[in-house]
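This report refers to the structure that appears directly beneath it.
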Amino acid sequence: MTTKINSFNTFQSQLIKEQKENTIKALLKKNYKSAQADVEQIIALDEEKKRIQFQMDNALAEGNKIAKEIGELMKSGKKEEAEIKKTQTTNLKLQSKELQTSFETLENQLFEVLIKLPNLPHDAVPEGLSPEENVVVFESGIAPKLTENALPHWDLIKKYDIIDFELGNKIAGAGFPVYKGKGARLQRALINFFLDEATKAGYTEIQPPIFINKESGFGTGQLPDKDGQMYHMTADDLFAIPTAEVPITNIYRDVILKREELPIKNVGYTPCFRREAGSWGAHVRGLNRLHQFDKVEIVQITEPKDAEAAHQSMVEHIKSLLTKLELPYRILKLCGGDMSFTAALCFDFEVYSAAQKRWLEVSSASTFDTFQANRLKCRYKGEDGKNHLVHTLNGSAMALPRIVAALLENNQTTQGIKLPKVLVEYTGFEMIT
RNA sequence: AGAGAGGUGGCAGAGUGGUCGAUUGCGGCAGUCUUGAAAACUGUUGACUGUCACAGGUCCGGGGGUUCGAAUCCCUCCCUCUCUACCA
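Residue 114 is where the first sequence starts when you use my numbering, and the numbers rise one by one after that.
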């Protein structure tokens, strides 16, 4: 881990040093309060680290030189001279050991500060601290007019007996629903539909592990930031994934890609697990928030110059899915304060769930610039023959539960729930009755 | 889970205390030859750090130790393979 921390430190501090004022401004935009102080500290620590490193390297170089000389003396049989040389090293060893200790201390201190910094938002990211300040950039579809006795999805699932929360509660706990009959079939249909659409769009299907180790959690930025949000299996020190982004992106941890391999486009279906500690209340009834849910995730890895276009193509892909599902939706550009720790620019997709009369987030498509790549140490060999960090991106395409909620609520009729055409070939039925 | 073997550069595979960051082969890149390709031949080819650039430093699964000096010896953790046991 030493060299890993080291290069992480170097890259980050260099960037911060070169763009000091911009960095502070960007951090503040993301509501990172101690931006000024932290940036100052990083620069100071980095300089001190370099100073110590210079001394340490010199001491080590001297030691290497003497060791080499001793070797030569031994070879030529000059034992006594060699013995004398040996005594010269005692002090040097102490010295370099001390320097190494302070070097490592500095390195760790620097790491501790750097690791707390969120990704820097793009210029295009709106200022703002709360969800109210997100900007609606696109709207599509019209909310259906429901009859007065229209039911929210948590009643519909009982009426048609397709999702059972009590049963899940018995087996696991709250937030672990059991899907039954046509409910289960609908899940499978949606997963297959989403996977097929992504495949058609050029994504390669991946089935990753759904448990990850610490290194992977660090690589995509869930650790140490979101420690408490993941289920942790202490016996084996593994975490249940909160999203397929983690294992699928970590495929490329410690990898140097060839330019021809880019862009990489992967898609994977996995269940996702989130503890959602302390975030329960009336607004998260039914399928609105769960501990376990299904999601199909798309991930791209690109050269920096292609990232923006890739981001746009992901947005278009997600739009097409919602259109095919005939759901009214809108796209929000998240403001600095509402973006995740790791994102540089993020669009949220929300569908309108007509009985709840609420917008529900069903997808978010983010670009991370080099933030994840730096942690992952994922690089590519550029035209200049040098290694550069890649850009990573991902988006949900899509998360199922809220899609299901909206489908159920918006499409309820007196005869039952009528599914959108595109799903019929996957479900084998048109109506949930 | 028990027993054994092993983890070295993109891959294969040497090296068991001293100019080893590492022989060699394959692959990759550049060139010669060729109408072109193949073959053959020649050269080149790890990462991180550091510097204006050199120099220098670190890395042979991770961590620690012995030594003037470790890929090589010791301790420890992790992982892989084979056999046995168990089992979707």
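Just so you know, even glycine gets a beta-carbon here, dropped at the ideal spot from N, CA and C.
Spatial neighbours of residue i within its chain, please: C-beta separation below 8 Å, excluding the five flanking residues on both sides.
i           : result
residue 388 : 341, 342, 343, 344 and 404
residue 125 : 155, 227, 230 and 487
residue 308 : 318, 380, 382 and 409
residue 500 : 369, 492, 493 and 494
residue 542 : 295, 298 and 532
residue 305 : 539
residue 485 : 332, 333, 334, 362, 455, 491 and 505
By DSSP's criteria, residue i is part of a beta bridge. Which residues make up the other side?
i           : result
residue 152 : In DSSP, residue 152 forms no bridge with anything.
residue 443 : 252 and 463
residue 384 : 407
residue 430 : Its beta-bridge partners do not exist; DSSP assigns none.
residue 345 : 352
residue 512 : 408
residue 478 : 460 and 508
residue 277 : 291
Assign residue i to buried or exposed, taking buried as 16 or more other Cβ atoms, counted over all protein chains shown, within 10 Å of its Cβ.
i           : result
residue 337 : exposed
residue 355 : buried
residue 114 : Model confidence at residue 114 stands at a pLDDT of 31, short of 50, so the residue's coordinates are unreliable and nothing is read from them.
residue 302 : buried
residue 373 : exposed
residue 242 : exposed
residue 116 : Legend: pLDDT at residue 116 = 41, less than 50; position of this residue unreliable, value from coordinates given subsequently. By the 10 Å Cβ count, residue 116 comes out exposed.
residue 204 : exposed
residue 406 : buried
residue 286 : exposed
residue 260 : exposed
residue 253 : exposed
residue 532 : buried
residue 189 : exposed
residue 142 : buried
Counting only the same chain and skipping the five closest in sequence on each side, list residues whose C-beta sits under 7 Å from that of residue i.
i           : result
residue 473 : 401, 463, 464, 466, 515, 518 and 519
residue 219 : 158, 161, 162 and 165
residue 209 : 169, 172, 173 and 176
Using the C-alpha atoms, what's the distance from residue j back to residue i?
i           : j           : result
residue 240 : residue 511 : 27 Å
residue 370 : residue 335 : 23 Å
residue 494 : residue 294 : 51 Å
residue 363 : residue 526 : 45 Å
residue 422 : residue 329 : 27 Å
residue 236 : residue 358 : 25 Å
residue 440 : residue 216 : 57 Å
residue 353 : residue 529 : 36 Å
residue 497 : residue 375 : 16 Å
residue 398 : residue 244 : 20 Å
residue 420 : residue 480 : 7 Å
residue 167 : residue 178 : 17 Å
residue 277 : residue 271 : 7 Å
residue 291 : residue 310 : 26 Å
residue 545 : residue 284 : 26 Å
residue 316 : residue 324 : 22 Å
residue 129 : residue 151 : 10 Å
residue 327 : residue 339 : 12 Å
Going by the beta-carbon positions, is the gap between residue i and residue j smaller than 8 Å?
i           : j           : result
residue 446 : residue 413 : no
residue 135 : residue 450 : no
residue 600 : residue 443 : A query on residue 600 cannot be resolved here, the shown segment of the chain reaching from 114 to 546 and no further.
residue 457 : residue 233 : yes
residue 360 : residue 322 : yes
residue 418 : residue 509 : no
residue 298 : residue 332 : no
residue 300 : residue 513 : yes
residue 475 : residue 492 : no
residue 522 : residue 223 : no
residue 452 : residue 506 : no
residue 127 : residue 137 : no
Compute every distance between the C-beta of residue i and the non-hydrogen atoms of the ligand ADP, then say whether any falls below 7 Å.
i           : result
residue 159 : The ligand ADP is not part of this structure, which contains no ligands at all.
Within its chain, find whatever has a CB closer than 6 Å to the CB of residue i; leave out the 5 residues flanking it on each side and keep chain order.
i           : result
residue 131 : none
residue 265 : 468 and 469
residue 535 : 437
residue 246 : 448
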